[in-house]
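Novice: Pasting a structure below so you can have a look.
Listed below in structure tokens is the structure:
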């Protein structure tokens, strides 16, 4: 038995890399009543239907900007994964209004629809760029995180529970650096472009991301930001791993781009609890109708507060992947 057996699960932005892998997990490991893909691109839905066409699958055209459509789509839904977002950092810098409409207004619409339909649990996917944001994408995801945390107050004592999962770059996801480098190498590129030679990033595979979200549906009490313990990479090591040589071309940091990423800023250390394989950032606000001990989750896993100066930073992370490890990962995500 799994948490998802006999349940209806809706995934916003479900035609993306995460959505497809999450659906694959559900179909292979659970017996859901319905799995609803909610997204706005009919071509991507058509293409996904060729691969994922089990009887429980449903494909709904809709945009998270459309509150009424979301409310209809969430009828009789038990669990929601909110994966829809505008994610490209430079695109968000040049199109701020569009990013705000999807990432902030869309987040509030998901919350409103979940409360209106008495959904049991909602997990929103976030990003390391939401911690101490310097770009608009990160700022909108920080606002989204705050909305989902505060939604636990709005929903009342017996309403839906809302939590957030925050992690770093996903290996091989659509639009990320790995498929971009693969394309350049296939075209005969001699020197891969690097925005800055000292750049570091958190690194997680799609399967690890899906497994973390699945586990947190069982762990969540509402209001947590879950952060996995994952390795970092140096961008120059990725170049060497993929091309076989360290040669690269420095093109300069793009608009809104950071040199390093942070998933738990020092300012949130006094709200952060460490577990064996993850951290939990507990809410900074007090829920008026709940008294939750975030040091002990629903799986009876026990956590401990981190030190006052703790910061989870991609450049000071104790675990960096080696070039050999990056090569193994690269081959596994082709």
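Residue numbers (this note's numbering): 853 to 1186. For glycine and all other residues, C-beta sits at the position ideal for the given N, C-alpha and C.
If distances are taken between C-alpha atoms only, which option among 943, 895, 1111 and 974 comes closest to residue 863?
Specialist: Numbered from its first residue, the chain shown carries residue 863 at position 11. Here the closest residue by C-alpha is 974.
Novice: In whole angstroms, give me the CA-to-CA distance for residue 1126 and residue 1149.
Specialist: Working through the chain shown from its first residue, we reach residue 1126 at position 274. Working through the chain shown from its first residue, we reach residue 1149 at position 297. Distance between the alpha carbons of residue 1126 and residue 1149 is about 12 Å.
Novice: By how many angstroms is the C-alpha of residue 1117 removed from the C-alpha of residue 984?
Specialist: Taking the first residue of the chain shown as 1, we reach residue 984 at position 132. Taking the first residue of the chain shown as 1, we reach residue 1117 at position 265. Using only the alpha carbons, I get a separation of about 7 Å.
Novice: Does the pairing of the region 987-1003 with the region 1102-1119 give three or more beta-carbon distances under 8 Å?
Specialist: In this structure the region 987-1003 touches the region 1102-1119; the number of beta carbon pairs closer than 8 Å is three or more.
Novice: Hey, out of 936, 1160 and 916, whose CA is closest to residue 870's CA?
Specialist: Along the chain shown, one-based indexing puts residue 870 at 18. When only C-alpha atoms are compared, the closest one is 936.
Novice: Is the Cβ-Cβ distance between residue 931 and residue 859 less than 8 Å?
Specialist: Reading the chain shown from its first residue, position 79 is the one you call residue 931. Reading the chain shown from its first residue, position 7 is the one you call residue 859. Yes, they are a contact pair.
Novice: Contact check, residue 998 vs residue 979 under 8 Å by CB: the rounded distance?
Specialist: Translated into the one-based positions of the chain shown, residue 998 becomes position 146. Translated into the one-based positions of the chain shown, residue 979 becomes position 127. Between residue 979 and residue 998 the Cβ distance is about 14 Å, and since that is not below 8 Å, they are no contact.
Novice: Which residues in the same chain have their Cβ closer than 8 Å to the Cβ of residue 902, if we skip the five residues on either side of it in sequence?
Specialist: Position 50 of the chain shown, counting from 1, holds the residue named residue 902. Here the set comprises nothing.
Novice: Distance check for residue 959 and residue 920, CA to CA, integer angstroms please.
Specialist: Translated into the one-based positions of the chain shown, residue 920 becomes position 68. Translated into the one-based positions of the chain shown, residue 959 becomes position 107. Rounded to the nearest angstrom, the gap between the Cα atoms of residue 920 and residue 959 is 14 Å.
Novice: Out of curiosity, what's the CA-to-CA distance linking residue 1062 and residue 1130?
Specialist: For the purposes of this step, residue 1062 is taken as residue 210 along the chain shown, with counting starting at 1. For the purposes of this step, residue 1130 is taken as residue 278 along the chain shown, with counting starting at 1. Approximately 14 Å between the Cα atoms of the pair.
Novice: Are the beta-carbon atoms belonging to residue 867 and residue 889 less than 8 Å from one another?
Specialist: If you number the chain shown from 1, residue 867 lands on position 15. If you number the chain shown from 1, residue 889 lands on position 37. It is a contact, given that the beta carbons lie within the stated cut-off.
Novice: Report the start-end ranges of each alpha helix (DSSP H) in the region 863-896 that is 4 residues or longer and not cut off at the edges.
Specialist: The region 863-896 contains these whole alpha helix (DSSP H) runs: 869-881.
Novice: Give the secondary structure of residue 1065 by DSSP, where H, G and I count as helix, E and B as strand, and everything else as coil.
Specialist: Here residue 1065 refers to the residue found at position 213 when the chain shown is read from its first residue. Helix, per DSSP.
Novice: Within 10 angstroms of its Cβ, does residue 1106 collect 16 or more other Cβ (buried), or is it exposed?
Specialist: One-based indexing of the chain shown puts residue 1106 at position 254. Flag for residue 1106 reads exposed.
Novice: My assumption, with CB atoms under 8 Å, is that residue 1092 sits in contact with residue 1098. Please give the rounded CB distance.
Specialist: Position 240 of the chain shown holds residue 1092. Position 246 of the chain shown holds residue 1098. So it is a contact: roughly 5 Å between Cβ atoms.
Novice: What do you get for residue 1076, buried or exposed, if any count of 16 or more other CB atoms within 10 angstroms of its CB means buried?
Specialist: In the chain shown, the residue the question calls residue 1076 occupies position 224. Buried, since its Cβ has 16 or more Cβ neighbours within 10 Å.
Novice: Between which two residues does the alpha helix (DSSP H) holding residue 952 run?
Specialist: Indexing the chain shown from 1 puts residue 952 at position 100. Run containing residue 952: 948-952, per the alpha helix (DSSP H) assignment.
Novice: Who are the near neighbours of residue 1100 in its chain, counting only those whose CB is closer than 8 Å to its CB and skipping five residues on each side?
Specialist: One-based indexing of the chain shown puts residue 1100 at position 248. Taken in chain order, the residues that qualify are 1043, 1044, 1045, 1046, 1049, 1088 and 1091.
Novice: What is the rounded straight-line gap between the Cα of residue 1029 and the Cα of residue 1179?
Specialist: Here residue 1029 refers to the residue found at position 177 of the chain shown. Here residue 1179 refers to the residue found at position 327 of the chain shown. Computed Cα separation, rounded: 14 Å.
Novice: Which one of 857, 1137, 938 and 906 has the shortest CA to CA distance from residue 977?
Specialist: By one-based count along the chain shown, residue 977 stands at place 125. The shortest Cα separation from residue 977 among 857, 1137, 938 and 906 belongs to 938.
Novice: Mapping DSSP to helix, strand and coil, what is residue 1021?
Specialist: Numbered from 1 along the chain shown, position 169 holds the residue referred to as residue 1021. Strand at residue 1021.
Novice: Taking the straight line between their C-alpha atoms, what separation do you get for residue 910 and residue 926?
Specialist: For the purposes of this step, residue 910 is identified with residue 58 of the chain shown, where counting begins at 1. For the purposes of this step, residue 926 is identified with residue 74 of the chain shown, where counting begins at 1. Roughly 12 Å between the two C-alpha positions.
Novice: Quick check on the DSSP output: what are the complete alpha helix (DSSP H) runs of length 4 or more inside the region 1080-1137, in order along the chain?
Specialist: Assignment of alpha helix (DSSP H) within the region 1080-1137, counting only whole runs of 4 or more residues, yields 1087-1095 in chain order.
Novice: Can you say whether residue 906 is buried or exposed, counting buried as having 16 or more other CB atoms within 10 angstroms of its CB?
Specialist: For the purposes of this step, residue 906 is identified with residue 54 of the chain shown, where counting begins at 1. Residue 906 comes out exposed.
Novice: Given 8 Å as the limit, is there contact between the region 1013-1028 and the region 1146-1161, that is, 3 or more CB pairs closer than that?
Specialist: no
Novice: Which residues in the same chain have their Cβ closer than 7 Å to the Cβ of residue 1033, if we skip the five residues on either side of it in sequence?
Specialist: Start at 1 with the first residue of the chain shown, and residue 1033 comes out as number 181. Within the same chain, 1044 and 1094 come within 7 Å of residue 1033 by CB-CB distance, once the 5 residues on both sides are set aside.
Novice: Applying the criterion that 16 or more other CB atoms from any shown protein chain within 10 Å of the CB defines a buried residue, is residue 1035 buried or exposed?
Specialist: Here residue 1035 is taken as the residue at index 183 of the chain shown, counted from 1. So residue 1035 ends up on the exposed side.
Novice: DSSP state of residue 976, grouped into three classes?
Specialist: Translated into the one-based positions of the chain shown, residue 976 becomes position 124. Three-state DSSP puts residue 976 in a strand.
Novice: Please name the residue in 1114, 916 and 875 whose C-alpha comes closest to that of residue 900.
Specialist: Within the chain shown, numbered from 1, the residue matching residue 900 stands at position 48. Checking every option, the nearest Cα to that of residue 900 belongs to 875.
Novice: Which one of 1037, 1071 and 1085 has the shortest CA to CA distance from residue 1209?
Specialist: With the chain represented from 853 up to 1186, any question about residue 1209 goes unanswered, as that position is not in the structure.
Novice: Compare the C-alpha of residue 1004 against each of 1023, 1038, 966 and 1022 and name the closest.
Specialist: Taking the chain shown and counting its residues from 1, one reaches residue 1004 at position 152. Checking every option, the nearest Cα to that of residue 1004 belongs to 966.
Novice: Which residues does DSSP pair with residue 1045 in a beta bridge?
Specialist: Position 193 of the chain shown holds residue 1045. Answer is 1101, bridged to residue 1045.
Novice: Label residue 865 either buried or exposed according to how many other C-beta atoms from any shown protein chain fall within 10 Å of its C-beta, with 16 as the threshold for buried.
Specialist: Position 13 of the chain shown holds residue 865. Within 10 angstroms of the beta-carbon of residue 865 lie 16 or more other beta-carbons, which makes it buried.
Novice: So if DSSP puts residue 931 in a beta bridge, which residue, or which two residues, is it bridged to?
Specialist: Walking along the chain shown from the start, residue 931 turns up at place 79. Paired residue(s): 861 and 973.
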